[in-house]
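Asker: There's a structure below that I have some questions on.
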Ligand code: GFB
């Protein structure tokens, strides 16, 4: 990408999209294109076609999606499959019709089979049954990466697909009903500390293992791959290390400074027992994650406290 190329970041306000915007600005890319979902509903094909025909972006980061934690995926599965299939289908088709030079599609590590061999290599895709709680989202994301591969094959487009692991960082969703575990624990321990509560309830047994990548590392990786990788094979993006939910809970409890008890609500689902990514392809392409988990938790908690102050002043 040249610094004055027109780069469209779809989903620029979200956890991933806002990190990509920060990274592109820091690197001096000066011609960034973005729209809020009220300005442009990416589920509406005609709106997307008009937008692309008018703006003609050179590059597209497709970071817009309907995302959520295990409970949201399970409960709103029809919305997850519809919104994500419509968004990605409209953007990928409009990118092709308007000769976008290159598009990067963001998938997720949940696309792999529930009981895939660990760590999960890209070739394990479609090798087994999916985790039921997020099957709808996973099917949509698999359809998206397959669309990119088939558009490349039939039309000669250059649409690459990456599969990030669980992400965390600034601008995450902290709503306890729909969020992922990382922001949920930051909020739960912070509120328990400031309100002198005796205990914090976590979902499930705490036994599942998850890999956590800071979203600034992800943004660094996707800009790197947009500039250095052309191909139809999907690329995992992660740290290559995982941790149990129980260990993560202890780490966040310690960093937030909560001194009470942790209680497990085993009526809530554990989900996939493990989804550690094999990142050897990414490492061979020349990229490695840099932000250490303990450091990342501290950075995210500091951001969260500033965000809360800002919210309070707004009210
Ligand atoms: O992050 P999470 O919601 O999604 O849950 P997944 C991860 C693990 O943390 C599960 C446990 O075992 C949860 O039971 N957990 C413990 C909690 N306490 C909490 C809590 O307070 N809130 C939440 N949310 N979890 C998602 C997929 O799976 O991974 C998405 O559903 C997406 O589609 C995302 O792929 C990356 O990691 O299990």
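Numbering (this note's numbering), first residue to last: 8 to 322.
Idealized CB from N, CA, C, for every residue including glycine.
(1) Could you check what DSSP says for residue 177 in three-state terms: helix, strand or coil?
(2) By Cβ distance, which residues of its chain are closer than 7 Å to residue 90, with the 5 residues on each side in sequence left out?
(3) Entirely within the region 105-144 and at least 3 residues each: give me those beta strand (DSSP E) ranges in chain order.
(4) Looking at the unbroken alpha helix (DSSP H) that takes in residue 60, where does it start and where does it end?
(5) Where the beta carbon is closer than 5 Å to any heavy atom of the ligand GFB, which residues qualify, in chain order?
(6) Measure the C-alpha to C-alpha separation of residue 71 and residue 94 and round it to an integer number of angstroms.
(7) Taking the alpha carbon of residue 92 as the point to measure from, which residue in 122, 248, 52 and 130 has its own alpha carbon closest?
(8) What is the residue span of the beta strand (DSSP E) that residue 166 lies within?
(9) Could you round the C-beta distance between residue 250 and residue 260 to whole angstroms and report it? I think they count as a contact, below 8 Å.
(10) So, under 8 Å CB-CB, residue 65 and residue 108 are touching, yes? Tell me the CB distance rounded to an integer number of Å.
(11) Alpha carbon to alpha carbon, how far is residue 290 from residue 164?
(12) Identify every residue that forms a DSSP beta bridge with residue 157.
(13) Out of curiosity, what's the CA-to-CA distance linking residue 284 and residue 12?
(14) Could you check the C-alpha separation between residue 288 and residue 296 for me, to the nearest Å?
(15) Identify whether residue 19 lies in helix, strand or coil by the three-state DSSP scheme.
(16) Measure how close the beta-carbons of residue 191 and residue 76 come, nearest whole angstrom, since I'm counting them as under 8 Å.
(17) Who pairs with residue 289 in a beta bridge, going by DSSP?
Answerer: Result, derived from the coordinates:
(1) coil
(2) 50 and 73
(3) 109-113
(4) 52-62
(5) 76, 77, 80, 115, 117, 141, 144, 173, 187, 188, 191, 209, 210, 211, 215, 252, 277 and 278
(6) 7 Å
(7) 52
(8) 166-171
(9) Not confirmed; about 14 Å, so no contact.
(10) 5 Å
(11) 25 Å
(12) For residue 157, which the question treats as bridged, DSSP gives no partner whatsoever.
(13) 32 Å
(14) 13 Å
(15) coil
(16) 7 Å
(17) Beta-bridge pairing links residue 289 to no other residue.
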